[in-house]
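Asks:
Protein chains in written order, with this note's numbering: chain A, 384 to 671; chain B, 384 to 671.
1. What residues are listed by DSSP as bridge partners for residue 623/A?
2. Suppose you measure from the CA of residue 395/B to the CA of residue 402/A; what does that come to, to the nearest Å?
3. Give the residues from the region 492-503 of chain A that approach chain B closer than 7 Å (Cβ to any Cβ), ordered along the chain.
4. Using DSSP bridges, identify the partner residues of residue 545/A.
5. Please identify the residue among 653/A, 535/A and 613/A whose C-alpha is closest to the C-alpha of residue 636/A.
6. Which residues in chain A have a C-beta closer than 7 Å to the C-beta of residue 433/B? List them in chain order.
7. From which residue to which residue does the alpha helix (DSSP H) around residue 562/A run?
8. How many Å lie between residue 421/B and residue 555/A at the Cα?
9. Distance, Cα to Cα, residue 586/B vs residue 464/B?
10. In chain order, which continuous runs of the beta strand (DSSP E) of length 3 or greater are located wholly inside the region 420-449 of chain A?
11. With 8 Å as the threshold, decide whether the Cβ of residue 402/A is near any Cβ in chain B.
12. Just mark residue 513/A as buried or exposed, buried being the case when its beta carbon has 16 or more other beta carbons within 10 Å.
13. Is the distance from the Cβ of residue 606/B to the Cβ of residue 641/B below 8 Å?
14. CA-CA distance, residue 478/B and residue 571/A?
15. Please check if any C-beta of chain B sits within less than 8 Å of the C-beta of residue 398/A.
16. If you follow the beta strand (DSSP E) that residue 489/B is part of, which residue opens it and which one closes it?
17. Who are the near neighbours of residue 473/A in its chain, counting only those whose CB is closer than 6 Å to its CB and skipping five residues on each side?
18. Taking the alpha-carbon positions, what's the residue 608/B to residue 655/B distance?
19. Is the Cβ-Cβ distance between residue 418/B and residue 552/B less than 8 Å?
20. With burial defined as no fewer than 16 other Cβ atoms inside 10 Å of the residue's Cβ, what is the status of residue 409/B: buried or exposed?
21. Using a Cβ-Cβ distance cut-off of 8 Å, determine whether residue 644/B contacts chain A.
22. Using a beta-carbon distance below 8 Å, is residue 685/B in contact with chain A?
23. Is the distance from the Cβ of residue 611/B to the Cβ of residue 429/B below 8 Å?
24. Look at residue 387/A and residue 406/A and say whether their C-beta atoms are less than 8 Å apart.
25. At what residue ranges does the region 573-633 of chain A contain a whole run of the beta strand (DSSP E), taking only runs of 3 or more?
26. Determine, using beta carbons only, whether residue 512/A comes closer than 8 Å to chain B.
27. Go ahead and pull the three-state DSSP assignment for residue 416/A.
28. Contact criterion: CB-CB distance below 8 Å. Does residue 586/A meet it with respect to chain B?
29. Are the C-beta atoms of residue 612/A and some chain B residue less than 8 Å apart?
30. Under 8 Å, do residue 453/A and residue 495/A count as touching if we go by C-beta distance?
31. Find the nearest neighbour of residue 503/B within the set 440/B, 618/B and 567/B, judged by alpha-carbon distance.
32. Could you tell me the boundaries of the alpha helix (DSSP H) in which residue 655/A lies?
33. Return the bridge partner residues of residue 400/A from the DSSP annotation.
34. If the cut is a Cβ gap below 7 Å, which residues of chain B does residue 507/A touch?
35. Identify whether residue 470/B lies in helix, strand or coil by the three-state DSSP scheme.
36. Verify whether the separation of the beta carbon atoms of residue 527/B and residue 574/B is less than 8 Å.
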């Protein structure tokens with residue numbers, strides 16, 4: 384009948400919308416996408432709340448077993464739950480594609496995602512440039528395309544939202560090579576790691592091009608956000624060097640590099656500052 | 384006790400989250416901000432759904448009567464409802480400020496807003512540049528700062544979300560001058576009007592600077608979105624010239640100017656195209 388793609392919002396089982404909850408209750412089968420983001424509660428809490436079994440859909444399943452997920456969807460409703468908003472991730476594009484091929488209507492139910500909830504830090508959403516992703520560096524792989532994007536945003540004085548890497552159900556190179564389905568523990572990038580990687584790349588770029596205007600430095604004002612929308616949400620503003628030392632607690636973390644702030648934005652961000660004197664020294668603020 | 388600022392999402396009374404609904408039910412007084420956006424249902428439907436009276440808070444009230452809204456909030460809960468997400472608009476900044484002064488805790492409850500729900504058009508949220516606002520032109524006032532912002536986005540191949548003007552409870556110049564509290568009917572900018580204003584400015588800029596690369600032209604691919612998240616949502620892609628002639632029906636409308644599209648983005652957008660041949664001729668698509 385229908386494939387519902389339902390956004391769960393950011394925190395716990397009660398962030399689903401009333402419309403979304405009604406849709407879940409109408410479904411024969413309920414899948415939870417659990418590899419691009421997480422709630423603060425496990426699937427057991429969702430199951431109790433919905434009064435239904437919830438099947439964890441990992442990347443393998445979503446990418447390779449769309450037909451299993453969509454089985455009988457011509458005659459029963461199926462729910463595919465996504466943390467945040469259905470369109471925040473592209474991971475279920477194939478699933479939607481397959482449903483369309485099978486003439487199964489796809490109904491998305493929207494919700495908050497970090498892309499709009501980040502507004503809570505005081506930097507207005509319409510003053511952001513392109514969003515960047517920061518992935519875990521390895522010894523041999525340090526993708527740094529975020530630097531050029533931040534440079535473009537900063538040149539036109541815009542803020543940059545940095546989405547931090549999540550590694551769920553990854554195999555070690557050894558296990559991958561041997562075809563062993565043994566998975567590493569989940570890893571969620573902390574703001575500290577993100578800042579350290581940002582500064583590593585800034586140093587490398589400064590060494591390579593000493594005359595270029597840097598996209599950002601350790602004195603750039605940024606805002607770290609942990610567990611947005613949760614009761615224990617933590618928002619701290621400061622220079623990158625300051626934020627590298629702040630303990631933000633458990634996942635999920637996000638980071639915003641501030642461009643030039645309107646004075647009304649600066650007023651809100653300053654209230655989150657770890658060191659207000661340092662904030663006043665380093666913030667770029669416009670008075671109109 | 385608490386001032387809740389609760390996002391209502393985009394469509395009707397059931398787009399509130401379960402958490403938001405519980406918060407409303409705990410409140411002694413419930414206000415609805417009704418001048419920066421609207422739902423498809425009136426306050427009566429909300430009142431029935433909540434089992435509570437809902438007071439419409441217009442701009443005057445929010446800006447001048449914060450203390451009325453916050454009356455007794457030290458001892459009872461108060462809800463301030465906002466269409467979309469609490470941080471999409473800045474209109475209630477003063478209210479939050481006043482609550483903070485009075486030591487009343489402010490608890491925001493997130494929801495979807497057009498800033499993330501626009502992802503449904505197939506253009507990925509992380510490929511957007513700065514969001515612009517398009518306001519109703521008058522004979523003598525044609526603010527065109529959107530042009531330069533779109534130019535910056537388009538130069539780095541990003542998409543641009545255009546938020547379209549809403550005029551609620553505005554007074555005519557005559558009534559304003561005479562101090563008569565008589566208000567004009569609400570006006571919501573259509574995609575057609577937005578396109579017409581965009582093209583008017585493009586023509587003016589091209590005449591003034593004939594050698595400059597235009598930020599966009601009537602052949603630029605764009606996506607019009609009406610009533611996002613509602614059952615009768617309408618999404619149509621085409622050149623600006625094509626979209627100017629499409630009937631999108633009732634409010635609210637939004638418009639996205641496409642930058643260079645990834646081929647997977649283009650595939651989704653093409654499915655919305657009013658004329659697929661024209662889309663293929665004008666779309667800028669990258670293959671990687």
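Even glycine gets a Cβ: it sits at the ideal position worked out from N, Cα and C.
Replies: Quick look at the numbers:
1. DSSP output for residue 623/A lists no bridge partner at all.
2. Roughly 9 Å between the two C-alpha positions.
3. For the region 492-503 of chain A, the residues whose beta carbon sits under 7 Å from a beta carbon of chain B are, in order, 493, 494, 495, 496, 498, 499, 500, 502 and 503.
4. Assignment of beta-bridge partners to residue 545/A by DSSP yields 515/A and 638/A.
5. Of the listed residues, the one whose Cα sits closest to residue 636/A is 613/A.
6. What residue 433/B touches in chain A: nothing, since even the nearest Cβ is about 11 Å away.
7. Boundaries for residue 562/A: no alpha helix (DSSP H) harbours it, and the DSSP string shows neither H nor E there.
8. Their backbone Cα atoms lie some 50 Å apart in a straight line.
9. Straight-line Cα distance between these residues: approximately 41 Å.
10. Listed in chain order, they are 438-440.
11. With 8 Å as the cut-off, residue 402/A counts as an interface residue toward chain B.
12. Around the beta-carbon of residue 513/A, 16 or more other beta-carbon atoms lie within 10 Å, marking it buried.
13. Between residue 606/B and residue 641/B, the CB-CB gap stays under 8 Å.
14. The alpha-carbon atoms of residue 478/B and residue 571/A are separated by roughly 36 Å.
15. Contacts with chain B at 8 Å (Cβ-Cβ) include residue 398/A.
16. It spans 489-492 - the beta strand (DSSP E) in which residue 489/B sits, taken as one unbroken run.
17. Answer for residue 473/A: no residue qualifies.
18. In a straight line, the C-alpha of residue 608/B is about 10 Å away from that of residue 655/B.
19. A distance below 8 Å separates the beta carbons of residue 418/B and residue 552/B.
20. Classification for residue 409/B: exposed.
21. False, the Cβ-Cβ gap to chain A never drops below 8 Å.
22. Given that chain B is displayed from residue 384 to residue 671, the structure contains no residue 685/B and the question cannot be resolved.
23. Inclusion of residue 611/B and residue 429/B in the CB contact set at 8 Å is not warranted, their separation being larger than that value.
24. Taking the C-beta atoms as reference points, residue 406/A is found nearer than 8 Å to residue 387/A.
25. 604-609 and 617-622, all fully within the region 573-633 of chain A.
26. Residue 512/A counts as touching chain B.
27. The answer is strand: DSSP assigns residue 416/A an E or B state.
28. By this cut-off, residue 586/A is not an interface position.
29. Chain B, which has a Cβ nearer than 8 Å to the Cβ of residue 612/A, makes this yes.
30. Taking a C-beta distance under 8 Å as the contact criterion, residue 453/A and residue 495/A do not qualify as a contact pair.
31. The residue among 440/B, 618/B and 567/B with its C-alpha nearest the C-alpha of residue 503/B is 618/B.
32. Neither: residue 655/A is in no alpha helix (DSSP H) and is coded neither H nor E.
33. Residue 400/A is bridged by DSSP to 400/B.
34. Think of a sphere of 7 Å around the beta carbon of residue 507/A: the chain B residues whose beta carbon falls inside it are 473, in chain order.
35. Note: residue 470/B maps to coil in three-state DSSP.
36. The beta carbons of residue 527/B and residue 574/B sit no closer together than 8 Å.
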